[in-house]
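Comments concern the structure below.
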């Protein structure tokens, strides 16, 4: 905030680190929400002294563990003026000839001829100067990049915490330091649909941890739109509701107060959806971990990324989303969709969490009609994968720290050659986890009725959480694995034999399973016989 007596204005002036006006050659003064303001020049080599001082003072007031960088395009809320969107007199405006005539720079995304919006719309002057006598026009996309970099370095080096930095303005390469949300969307079904392609793009751009404002940022949301948006939004890598209207009737719980007789209860549906997300948090984290290791490229992606040779991948692209490698999400983004036909790629797919088979590789008809009821999620697990999940449905799980007290469960869903694979990562939330190899990597392979588990502990000496304790294992498509006749399998018995790599205490090696004939799966309750069996202590499991 621009006040000559302000500590940070004085500090910035003493270090000479503010963006300068091309007219006055003094710090550029413009306007954002708190009125007059100046902007740090993140190209200046002295800016870290200024930035770290401010972040440190703020940490003394608020013990934060993340930073939200907003309005960092950088934004200006002044009306257009002769001084190109800055506070200066007309005389000062004429002192220097503009390097760029901003009225002749017409392009912004969604440019509309009648409104005459151009590159300077809600922006500081394109002619403003940064370190090295460069103009904002020359370096604008990199301003937020270096802001994120300096913020990252402060959190990591000074506070010694793993950086969580959310930035509205990003550019190629910014994913190394910051996450992203798609900006000021609107509460419309079109914006709900646009968020899908928007997140596809940001995963391509190298910023996989991205999301859109659920229910919309601007305008008036409503019950049906909000529920529809949560049905999709729980699978955004970065998830939040950030509606800008502060009226009570914009919050999900208010929908029930205003419409008590309606069919769907928004709060109950949204809570159930969030529980589904939390049940898969270890899977989501492991997929992002693989991206950080450069073993995978994206998390929220179009089907074509996983099935490039399948024609169905290129049809109705925004109706189907791959969530990592193992999940296909079918989306509804119109108010009137009571049902919808989806074409599936040629693979095995089963409902999550029931395990019910809905699609088989090689079957003649690869379409399925799904209900558009607001209280239904359409989440399908792909054959050939092993995924971790946790029980978030019977307990009150407030946050991810609470979740790390819960046991881990495994789902094994086979492909057409009766095999599956999976990878799970565990670490202690330390900085430089990947660089210092302070994490456990668990590779799982299912083949010939045998689950092999290989744990690489790298350089992490001791894992401090409880979410490595095995709760149960679900084996899906059992009749295919054991080649059973469906009419003869009602009395089948199933068991597993566990081969441990830790023999310090006596453990139950044989455990019987519970057969679910309707969904063609068997559930083995490991924790009933072995209360504290770690996933890290198992070499292999043989299914009988």
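In our numbering, the protein residues as written are 2 to 545.
Every residue, glycine too, gets a C-beta built ideally from N, C-alpha and C.
Pull up the DSSP beta-bridge partners for residue i, would you.
i, result
"residue 517", "522"
"residue 41", "19"
"residue 501", "539"
"residue 166", "68"
"residue 242", "215"
"residue 329", "323 and 381"
"residue 187", "219"
"residue 496", "513"
"residue 544", "497"
"residue 182", "212"
"residue 475", "412 and 524"
"residue 470", "535"
By a C-beta neighbour count over all protein chains shown, 10 Å radius and 16 as the cutoff for buried, is residue i buried or exposed?
i, result
"residue 374", "exposed"
"residue 90", "exposed"
"residue 479", "buried"
"residue 229", "buried"
"residue 349", "buried"
"residue 159", "exposed"
"residue 63", "exposed"
"residue 436", "exposed"
"residue 182", "buried"
"residue 397", "exposed"
"residue 231", "buried"
"residue 145", "buried"
"residue 173", "exposed"
"residue 283", "buried"
"residue 613", "Beyond the ends of the chain as shown, which are 2 and 545, falls residue 613; an answer cannot be given."
"residue 61", "exposed"
"residue 363", "exposed"
"residue 401", "exposed"
"residue 75", "buried"
In angstroms with no decimal places, state the Cα-to-Cα distance between residue i and residue j.
i, j, result
"residue 221", "residue 337", "18 Å"
"residue 123", "residue 129", "14 Å"
"residue 293", "residue 434", "11 Å"
"residue 19", "residue 42", "5 Å"
"residue 476", "residue 390", "13 Å"
"residue 467", "residue 413", "22 Å"
"residue 8", "residue 36", "17 Å"
"residue 40", "residue 29", "7 Å"
"residue 335", "residue 190", "6 Å"
"residue 226", "residue 49", "43 Å"
"residue 388", "residue 381", "12 Å"
"residue 33", "residue 71", "11 Å"
"residue 353", "residue 427", "23 Å"
"residue 275", "residue 328", "16 Å"
"residue 256", "residue 180", "31 Å"
"residue 425", "residue 432", "19 Å"
"residue 555", "residue 131", "In the structure displayed, the chain extends from 2 to 545; residue 555 sits before or after that span and is not available."
"residue 243", "residue 203", "19 Å"
"residue 240", "residue 26", "42 Å"
"residue 544", "residue 406", "28 Å"
"residue 166", "residue 210", "11 Å"
"residue 83", "residue 281", "54 Å"
"residue 142", "residue 522", "52 Å"
"residue 69", "residue 453", "42 Å"
"residue 411", "residue 79", "55 Å"
"residue 310", "residue 17", "57 Å"
"residue 268", "residue 357", "27 Å"
Who are the near neighbours of residue i in its chain, counting only those whose CB is closer than 7 Å to its CB and skipping five residues on each side?
i, result
"residue 525", "473, 474, 497, 512 and 514"
"residue 12", "51 and 54"
"residue 493", "485 and 516"
"residue 469", "409, 427, 535, 536 and 537"
"residue 235", "274, 275, 277 and 278"
"residue 444", "424 and 455"
I'd like the list of long-range same chain contacts for residue i, defined as Cβ closer than 8 Å, with 5 residues on each side in sequence excluded.
i, result
"residue 65", "59"
"residue 186", "192, 195, 196, 213, 214, 217, 218 and 219"
"residue 315", "305"
Only counting the same chain, and skipping five residues up and downstream in sequence, which positions put a Cβ closer than 6 Å to that of residue i?
i, result
"residue 339", "373"
"residue 457", "442"
"residue 164", "153, 156 and 157"
"residue 318", "303"
"residue 207", "176"
"residue 56", "155"
Length at least 3, wholly inside the region 370 to 451: the beta strand (DSSP E) runs in chain order: 380 to 383, 386 to 390, 409 to 414, 421 to 428 and 440 to 448
Within the region 264 to 314, ranges of the alpha helix (DSSP H) (whole runs, at least 4 residues): 267 to 280 and 282 to 293
Runs of alpha helix (DSSP H) wholly within the region 115 to 154 (minimum 4 residues, chain order): Listed in chain order, the complete alpha helix (DSSP H) runs (minimum 4 residues) inside the region 115 to 154 are 137 to 154.
Runs of beta strand (DSSP E) wholly within the region 339 to 374 (minimum 3 residues, chain order): 340 to 344, 350 to 352, 358 to 360 and 368 to 372
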